[in-house]
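According to the working numbering, the sequence shown is numbered sequentially starting from 356. Heads up, the thing below is written out as structure tokens.
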Amino acid sequence: MTEIPKYLQFEENYENLAIKGLAKVNLYGVNARYSEELSDQKIQVIFENSGNLDEAILMQGDYRKYTAYEGTMSFVIATNRANIRNHAEKLAKARFIMLPENELLKNEYYQILETKEESSNTEVSEELNSDVTVVTFAIKYQVSG
356 MTEIPKYLQF
366 EENYENLAIK
376 GLAKVNLYGV
386 NARYSEELSD
396 QKIQVIFENS
406 GNLDEAILMQ
416 GDYRKYTAYE
426 GTMSFVIATN
436 RANIRNHAEK
446 LAKARFIMLP
456 ENELLKNEYY
466 QILETKEESS
476 NTEVSEELNS
486 DVTVVTFAIK
496 YQVSG
């Protein structure tokens with residue numbers, strides 16, 4: 356059986372890096388794919404790969420090998436209005452994690468080329484009595500694995 360390189364697990368690798376980064380700023384992150392409900396106590400994280408960067412191509416024999424990719428990292432942050440009033444602080448901490456100079460996403464597989472906040476959308480969940488914000492960042496990265 357052929358062993359698949361771990362660096363190709365972009366989604367899981369980046370989600371785990373973000374969860375570790377959240378822990379470093381005293382927040383609890385979970386993989387959104389495995390979480391069933393929103394909670395004050397958990398920030399959901401999801402990474403989606405968007406594809407290759409056209410400008411990063413190597414020729415290997417007769418074919419092109421793309422060495423850089425782009426994707427989006429989203430944080431789903433819920434804050435119950437009756438219990439906790441730190442929604443803006445949670446958003447700031449997610450933004451802090453995504454600043455490349457803080458190196459909280461630094462790892463053995465990828466070199467971060469660029470991060471950029473793409474959007475921040477907030478809705479009020481009457482059912483949960485919570486503000487729910489999805490903040491999304493674009494990431495461009497080079498594979499070094």
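All residues carry an ideal CB built from backbone N, CA and C; glycine is no exception. Note that this is a predicted model, so its numbers are computed, not measured.
| Item | Value |
| --- | --- |
| Thinking just about the alpha-carbon of each residue, which of 492, 479 and 363 is nearest to the one in residue 393? | 479 |
| Taking DSSP as the reference, what is the three-state secondary structure of residue 423? | strand |
| Tell me whether residue 472 sits in a helix, a strand or coil according to DSSP, three-state version. | strand |
| Taking the C-alpha atoms as reference points, what is the distance between residue 364 and residue 370? | 10 Å |
| Check each candidate in 441, 356 and 494 and name the one with the smallest Cα separation from residue 429. | 494 |
| Thinking residue 446 and residue 432 are a contact (beta carbons under 8 Å), I'd like their distance in whole angstroms, please. | 6 Å |
| Considering only residues of the same chain and omitting the five flanking positions on each side of residue 379, which have a CB-CB separation below 7 Å? | 459 |
| Could you tell me the alpha carbon to alpha carbon distance between residue 355 and residue 473, rounded to whole angstroms? | No answer is possible for residue 355: it lies beyond the span of the chain, which begins at 356 and ends at 500. |
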